[in-house]
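Visitor:
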Amino acid sequence: VNVGRFKGQTVSLWDLLNSEYFSDSKRRELVQKYKAESSEALREIATAVIAVVEETETRGTTFAFKGLRKRVSASDLFQSQLIDKKTLDELSQGKKTVKEVTEMDSVRRYLEGSNFIAGVLIRPSNERMSIYQAMRKGILRPGTALVLLEAQAATGYIIDPQNNSKFSVEEALSAGLIGAEIFEKLLCAERAVTGYTDPYTKAPISLFEAMNQGLIVKSHGIRLLEAQIATGGL
1 VNVGRFKGQT VSLWDLLNSE YFSDSKRREL VQKYKAESSE ALREIATAVI
51 AVVEETETRG TTFAFKGLRK RVSASDLFQS QLIDKKTLDE LSQGKKTVKE
101 VTEMDSVRRY LEGSNFIAGV LIRPSNERMS IYQAMRKGIL RPGTALVLLE
151 AQAATGYIID PQNNSKFSVE EALSAGLIGA EIFEKLLCAE RAVTGYTDPY
201 TKAPISLFEA MNQGLIVKSH GIRLLEAQIA TGGL
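Counting in the numbering used here, the sequence shown runs from 1 upward without gaps.
And the structure:
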């Protein structure tokens, strides 16, 4: 198989038939075809199965969604099992729009995240303050502020609660939302979203893989994973 979740893998025909690419009715149709005909029909069925997988993936790449840091294709959502084949087919047929799929709770949560730790609310004045600003004014301890800011970076953005804006770590530094003394630490936390690089293969790897390879301290990695789980997913 040259595309999709099984790309580059040796996969049995049975595994392909039982994957998300096939509806129950299509699966039954192909199985009955095999039973009704001679074993020579197996090659024909295998060709048909691969054609379905390739067609599904090709259609999925024509629709793009705005995600954290980069655009995500419908094929990516399908492979991650955030949408099913019916939804993918409805996109291709014009029965659903990208906007409608984006607004699905399961999709929006993973594209945008949720429940960001935005800042500090000062009582009784109700003044909104960024986490870094609260640290500079002595309202938050430096260690507490760093943990909260790392959680923000690890889940996508540094938040400006006064203007309800989101920034990458570099943008937050330029905007004065954070200081240079914590920039490198937050840049490291942000890689939980943007990805790490395998030092040997140069391939992108996840936070969990980076932690297992010793590229990030385990206790720090677990803290970032916990922040991701609490705010929308990995």
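Ideal Cβ positions, reconstructed from N, Cα and C, are used throughout, including at glycine.
Indicate the three-state DSSP secondary structure (helix, strand or coil) for valine 11 in the structure shown.
Guide: In the sequence shown, the residue the question calls residue 11 occupies position 11. Coil, per DSSP.
Visitor: Run through DSSP, which three-state label would glutamate 181 get?
Guide: Position 181 of the sequence shown, counted from the start, is the residue given in the question as residue 181. Helix, per DSSP.
Visitor: Taking contact to mean 3 or more Cβ pairs, one atom from each stretch, closer than 8 Å, check whether the region 68 to 83 and the region 124 to 140 are in contact.
Guide: Touching, no.
Visitor: Between the region 170 to 181 and the region 132 to 150, do at least 3 Cβ pairs fall closer than 8 Å?
Guide: A contact exists between the region 170 to 181 and the region 132 to 150.
Visitor: Can you tell me whether DSSP reads arginine 128 as helix, strand or coil?
Guide: Within the sequence shown, residue 128 is the residue found at index 128, counting from 1. DSSP places arginine 128 in strand when its eight states are reduced to three.
Visitor: Tell me, please, which residues DSSP counts as bridged to phenylalanine 167.
Guide: In the sequence shown, counting from the first residue as 1, residue 167 sits at position 167. Phenylalanine 167 is bridged to Ile158.
Visitor: I'd like to confirm the pairing. Which residues does DSSP put opposite arginine 71 in its beta bridges?
Guide: Reading the sequence shown from its first residue, position 71 is the one you call residue 71. Arginine 71 pairs with Lys66.
Visitor: List the residues that DSSP assigns as beta-bridge partners of proline 204.
Guide: The residue you call residue 204 lines up with position 204 of the sequence shown. Thr197, per the DSSP bridge assignment.
Visitor: Looking at the unbroken alpha helix (DSSP H) that takes in leucine 88, where does it start and where does it end?
Guide: Within the sequence shown, residue 88 is the residue found at index 88, counting from 1. Unbroken alpha helix (DSSP H) run through leucine 88: 85 to 92.
Visitor: Would you please state the rounded distance, in angstroms, between the beta carbons of alanine 134 and alanine 118? I believe it to be under 8 Å.
Guide: For the purposes of this step, residue 134 is identified with residue 134 of the sequence shown, where counting begins at 1. For the purposes of this step, residue 118 is identified with residue 118 of the sequence shown, where counting begins at 1. Actually they are not in contact, since the Cβ atoms of alanine 134 and alanine 118 sit about 12 Å apart, beyond 8 Å.
Visitor: How is leucine 187 classed by DSSP in three states: helix, strand or coil?
Guide: Stepping through the sequence shown from its first residue, residue 187 is reached at position 187. In this structure, leucine 187 counts as helix in the three-state DSSP scheme.
Visitor: Return the chain-ordered list of same chain residues with a C-beta closer than 8 Å to the C-beta of proline 204, the five sequence neighbours on each side being excluded.
Guide: Taking the sequence shown and counting its residues from 1, one reaches residue 204 at position 204. Cβ within range, chain order: Gly195, Tyr196, Thr197, Asp198.
Visitor: Taking DSSP's pairing of strands, which residues face leucine 121 in a bridge?
Guide: In the sequence shown, residue 121 corresponds to position 121, counting from 1. Arg128.
Visitor: Can you give me the C-alpha to C-alpha distance between leucine 235 and proline 161, rounded to a whole angstrom?
Guide: Absent from the model: residue 235. The displayed extent of the chain is 1 to 234, so no value can be given.
Visitor: I need the boundaries of the alpha helix (DSSP H) containing lysine 95, first residue and last residue.
Guide: Within the sequence shown, residue 95 is the residue found at index 95, counting from 1. Looking at the DSSP string, lysine 95 is not in any alpha helix (DSSP H), and its letter there is neither H nor E.
Visitor: Rounded to the nearest angstrom, how far is the Cβ of valine 193 from that of glycine 156, given a contact under 8 Å?
Guide: Residue mapping note: residue 193 aligns to position 193 of the sequence shown, counting from 1. Residue mapping note: residue 156 aligns to position 156 of the sequence shown, counting from 1. With 8 Å as the limit, valine 193 and glycine 156 qualify as a contact, their Cβ atoms being about 5 Å apart.
Visitor: For phenylalanine 65 and serine 23, I'd like the C-alpha separation in whole angstroms.
Guide: As a first step, residue 65 must be located in the sequence shown, where it is residue number 65. As a first step, residue 23 must be located in the sequence shown, where it is residue number 23. One C-alpha to the other measures close to 24 Å.
Visitor: Compute the beta-carbon to beta-carbon distance between glycine 169 and isoleucine 158, rounded to the nearest angstrom, for a pair I have assumed lies under 8 Å.
Guide: What you label residue 169 is simply residue 169 of the sequence shown in a count that begins at 1. What you label residue 158 is simply residue 158 of the sequence shown in a count that begins at 1. According to the sequence shown, residue 169 is valine rather than glycine. Between isoleucine 158 and valine 169 the Cβ distance is about 6 Å, and since that is below 8 Å, they are a contact.
Visitor: Within 10 angstroms of the Cβ of tyrosine 21, are there 16 or more other Cβ atoms? Answer buried if so, exposed if not.
Guide: The sequence position of residue 21 within the sequence shown is 21, counting from 1. Buried: at least 16 other Cβ atoms inside 10 Å.
Visitor: Could you say which of Arg71, Gln32, Asp15 lies nearest to isoleucine 50 if we only look at CA atoms?
Guide: Here residue 50 refers to the residue found at position 50 when the sequence shown is read from its first residue. Per the Cα distances, Asp15.
Visitor: Among the candidates Ile45, Gln9, Leu186, whose CA atom is the shortest distance from the CA of leucine 17?
Guide: Taking the first residue of the sequence shown as 1, we reach residue 17 at position 17. Closest by alpha carbon: Ile45.
Visitor: Can the beta-carbon of leucine 186 be found closer than 8 Å to that of alanine 210?
Guide: Taking the first residue of the sequence shown as 1, we reach residue 186 at position 186. Taking the first residue of the sequence shown as 1, we reach residue 210 at position 210. For leucine 186 and alanine 210, no; Cβs fall outside 8 Å.
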